[in-house]
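Report on the structure given below.
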Amino acid sequence: MRIATWNVNSVKQRLDHLLSWLQERQPDIVCLQETKCVDEAFPREPIEAAGYNVAVHGQKTFNGVALLSRRPFDEVTPGLPGEPEDDHARFLEGVVSTEGGGAVRIACLYLPNGNPVGTEKYPYKLRWMDRLAAYAADRLALEEPFVMAGDYNVLPAARDVPNPDAWSSDALFLPQTRDKFAGLTALGFTDAIRAGSDAAGLYTFWDYQAGCWQKNMGLRIDHLLLSPQAADRLAAAGIDKHVRGWDKPSDHVPVWCDLALEAA
DNA sequence: ATGCCCCCGGTTCGGGGA
């Protein structure tokens, strides 16, 4: 089973890229972030025609997440628990049955950026990370294949950014941000990309500005975190960097992993 | 130190992203 995550930066602007990439990569489950449209405006039909069930949790203008799955969803639940007044569409959980009679649980997430530090945006990010850790601990107790995938807006380590000193006071790289991410993974998750390589330069995002793509000044901020029951079945993982070179691209590229769930 | 570029809503500019 191939599971992917991609911040598309507007699903309507990126529909042709999405359909091309689905055809090329053939994922079974996809987590989308920054869909930037209300549920009624989500381009369901062309995605369903490509063979996917669609679950959406959107809002006007900003944020918005969606799950695509070749197999039907057993459950879909929008929203991260813990702060009822939080109205950002940043989280969507789904459960999909596998061929072997088991199931995989997927959380699609768009973690707050947190900049500029010094405003309410950064404590909101930190609270969101605390809420995510509480949710994750609850789900890990189920001891099932479980994947939390999305745009974490976190640089886990210095090797995930070309110039870490320049990012030392940024919300994506502050020690408190990294500590919370480390605490989350320490609950028992495996970073799918890091399971296969500790290399620097495995970026998933390149800013539109300042020629970042041309200079390969990227960031690794999109992650797939695997529960032990998922990590035991990890067969491959990758970053579809070439998608950033397409015409009018998202600033993020797809990240994916293969889990041998059918064999379980 | 700030903006570069891109997207949205809604109109020709401001908010947001990272």
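Numbered according to my numbering, the first sequence terminates at residue 264, and the numbering increases by one at each position without gaps. Glycine included, every Cβ here is placed at the ideal spot set by N, Cα and C. Just so it is clear, the structure is predicted and the values come from calculations on it, not from any experiment.
Problem - Sufficient close CB pairs (3 or more, under 8 Å) joining the region 184-200 to the region 220-236 - result: Contact annotation: the region 184-200 touches the region 220-236, with at least three C-beta pairs closer than 8 Å.
Handout entry: Coil, strand or helix - A157 by DSSP
Key = As a position in the first sequence, residue 157 is number 157, starting the count at 1. Three-state DSSP puts A157 in coil, outside helix and strand.
Problem - Delimiting residues of the alpha helix (DSSP H) encompassing F146 - result: Within the first sequence, the letter at position 146 stands for residue 146. Run containing F146: none in the alpha helix (DSSP H); it sits in the beta strand (DSSP E), F146 to D151.
Handout entry: Three-pair Cβ contact test at 8 Å for the region 161-178 versus the region 111-125
Key = A contact between stretches requires three or more CB pairs, one per stretch, nearer than 8 Å, and the region 161-178 meets this requirement with the region 111-125.
Handout entry: Start and end residues, beta strand (DSSP E) containing E143
Key = Counted from its first residue, the first sequence places residue 143 at position 143. Segment: none, E143 is in no beta strand (DSSP E) and carries neither H nor E.
Exercise for the section: Would you please state the rounded distance, in angstroms, between the beta carbons of R127 and E83? I believe it to be under 8 Å. Expected result: Locating residue 127 in the first sequence gives position 127, where the first residue counts as 1. Locating residue 83 in the first sequence gives position 83, where the first residue counts as 1. Contact flag correct, Cβ pair sits at about 7 Å.
Problem - Any non-hydrogen atom of the ligand GDP closer than 7 Å to L67 Cβ - result: Absence of the ligand GDP is noted for the structure shown, with no ligands found whatsoever.
Handout entry: For L234, the nearest candidate out of K180, V147 and A89 (CA to CA)
Key = The residue labelled residue 234 in the question sits at position 234 within the first sequence. Cα-wise, what sits closest to L234 is V147.
Problem - Between the CA atoms of G100 and Y152 - distance to the nearest angstrom - result: Within the first sequence, numbered from 1, the residue matching residue 152 stands at position 152. Within the first sequence, numbered from 1, the residue matching residue 100 stands at position 100. Near 31 Å, if we compare the C-alpha coordinates of G100 and Y152.
Exercise for the section: Would you give the residue range spanned by the alpha helix (DSSP H) that I47 belongs to? Expected result: The residue given as residue 47 occupies position 47 in the first sequence. Per DSSP, I47 belongs to the alpha helix (DSSP H) from R44 to A49.
Practice task
Quick one: measure Cβ to Cβ for A200 and R159, integer angstroms, because I've assumed they're closer than 8 Å.
Solution key: To locate residue 200, count along the first sequence from 1; it is residue 200. To locate residue 159, count along the first sequence from 1; it is residue 159. Contact holds; Cβ gap of about 4 Å.
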